[in-house]
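Each remark here refers to the structure printed beneath this line.
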Amino acid sequence: MKNFLFSAIAFFAIHMITAQNLIKNSADNVYSTTGIEVIPEYPGGIEKFYQFIGDNYKTPAAVDFLGGKVYIAFIIEKDGSLADIKVLRDVGFGTGKEAIRVLKLCPKWSPGEQNGKKVRCSYSLPISLQPYVFGIKEVDVKPNYEGGFEGVSKIISTNFKKPASKDFKGGEVQMIFIVEIDGSLSDISVYKGLGFGTEEEAVRVLLGIKNWIPAKKDGKKVRCSFGIPIRLSSN
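Residue numbers for the sequence shown follow our numbering, so the first one is 1246 and each next one is one higher.
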């Protein structure tokens, strides 16, 4: 009888422990984004997430770095924090380590949900990287134009459509952009404008100017930030 009672107690205790472990494991389950009822989301959406990455990620300042993609995976916890951050693949130059550093700074996400309850969820995505953009003081040879800056000025004066308003007093529109390795322009923006639609017109004209001579560093072509003023006379 005593042996039977001991066996019954032991059987009951084992099942209690097993049940508790099952409950704990169920609570700690990591779901994938496939099939989950509510997918985790970064505050403001995925575009804001990539904006956060772009604002904080430090691209390798090496002339040999040609860009590429860093593939990362992590778990979004029930409280929205990130855990178990891993690099699945990187492109060298410390790009994976930098991805981990930035993700540790990441604001909390809205966690995933299943059956009305917040759950842990695995997430993976790529981070696309462009080659480093050197400043004008960092390069050995500054960007130029095939026809020289006189040629640029001539193209601008020929193609720029000045405002028709009599109130336009003229002045300078200051533009900044990146001269790419292939001699094209990207990230064209206005540093200082004059209104009257001159900013949009300056961007339009610059987009049509091809065949720039890229900057060089250590004998290699590199991306470089650059700026020019566009001088406009009054009407």
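Where is the CB? At the ideal position from N, CA and C, for every residue including glycine.
First through last residue of the alpha helix (DSSP H) which encompasses residue i
| i | result |
| --- | --- |
| Phe1297 | 1291-1301 |
| Glu1358 | That residue, Glu1358, is in no alpha helix (DSSP H); its beta strand (DSSP E) goes 1357-1359. |
| Ser1398 | 1393-1404 |
| Ile1345 | 1340-1348 |
Cβ-based burial, residue i [other Cβ within 10 Å; buried from 16]
| i | result |
| --- | --- |
| Leu1452 | exposed |
| Lys1443 | Inspection of the sequence shows that residue 1443 is occupied by Thr rather than by Lys. Thr1443 should be labelled buried. |
| Lys1466 | buried |
| Leu1439 | buried |
| Lys1269 | Note that Lys1269 has pLDDT 37, beneath the 50 cutoff, so the model's placement of it is unreliable and the number below is only indicative. The residue is exposed, with fewer than 16 neighbouring Cβ atoms inside 10 Å. |
| Leu1374 | buried |
| Phe1394 | exposed |
| Thr1403 | exposed |
| Glu1343 | buried |
| Gly1464 | exposed |
Cut-off 6 Å between Cβ atoms - residues of its own chain near residue i, not counting five sequence neighbours on either side
| i | result |
| --- | --- |
| Val1384 | Ala1460, Lys1462, Cys1469 |
| Glu1391 | Asn1456 |
| Ser1326 | Lys1353 |
| Val1283 | Gly1357, Glu1358 |
| Ile1421 | Ser1434, Tyr1436, Gly1472 |
CA-to-CA distance, residue j to residue i, given in whole angstroms
| i | j | result |
| --- | --- | --- |
| Phe1297 | Val1448 | 26 Å |
| Ile1423 | Ser1431 | 5 Å |
| Glu1445 | Phe1471 | 18 Å |
| Leu1276 | Val1364 | Residue 1276 is actually Tyr in this sequence, not Leu. Between Tyr1276 and Val1364, the C-alpha separation is close to 7 Å. |
| Ile1454 | Gly1290 | 35 Å |
| Leu1333 | Val1450 | 43 Å |
| Pro1352 | Ile1433 | 30 Å |
| Pro1288 | Leu1370 | 16 Å |
| Ile1426 | Ala1328 | 38 Å |
| Gly1313 | Asn1480 | 48 Å |
| Val1418 | Gly1396 | 18 Å |
| Ile1475 | Ile1381 | 19 Å |
| Asp1309 | Val1378 | 12 Å |
| Ile1281 | Asp1324 | 17 Å |
| Gly1299 | Gly1361 | 34 Å |
| Ser1355 | Ile1372 | 20 Å |
Own chain, CB closer than 7 Å to residue i, minus 5 neighbours either side, in chain order
| i | result |
| --- | --- |
| Phe1441 | Pro1408, Ser1410, Phe1413 |
| Ile1458 | Pro1388, Asn1389, Tyr1390, Glu1391, Gly1428 |
| Ser1398 | none |
| Asn1301 | Val1347, Leu1350 |
Per DSSP, the bridge partner or partners of residue i
| i | result |
| --- | --- |
| Lys1465 | Lys1462 |
| Leu1430 | Val1424 |
| Gln1419 | Lys1437, Pro1474 |
| Cys1366 | Tyr1276, Ile1321 |
| Lys1331 | Ala1318 |
| Phe1379 | Cys1469 |
| Trp1457 | Tyr1390 |
| Ile1372 | Val1315 |
| Leu1283 | It should be pointed out that residue 1283 corresponds to Val in this sequence rather than to Leu. In DSSP, Val1283 forms a bridge with Glu1358. |
Bounding residues of the beta strand (DSSP E) (the contiguous stretch that carries residue i)
| i | result |
| --- | --- |
| Gly1313 | 1313-1321 |
| Leu1451 | Run containing Leu1451: none in the beta strand (DSSP E); it sits in the alpha helix (DSSP H), 1443-1452. |
8 Å CB neighbourhood of residue i in its chain, flanking five on each side removed
| i | result |
| --- | --- |
| Tyr1368 | Thr1278, Pro1285, Ala1318, Phe1319, Ile1320, Ile1321 |
| Phe1405 | Glu1446, Ala1447, Val1450, Ile1475, Leu1477 |
| Leu1348 | Ile1317, Phe1319, Leu1327, Ile1330 |
| Pro1376 | Thr1304, Phe1310, Leu1311, Gly1312, Ile1426, Val1467, Arg1468 |
| Asn1274 | Val1364, Arg1365 |
Closer than 8 Å to chain C by CB, residue i
| i | result |
| --- | --- |
| Phe1294 | Looking at the structure shown, chain C is missing, and only one protein chain is on hand. |
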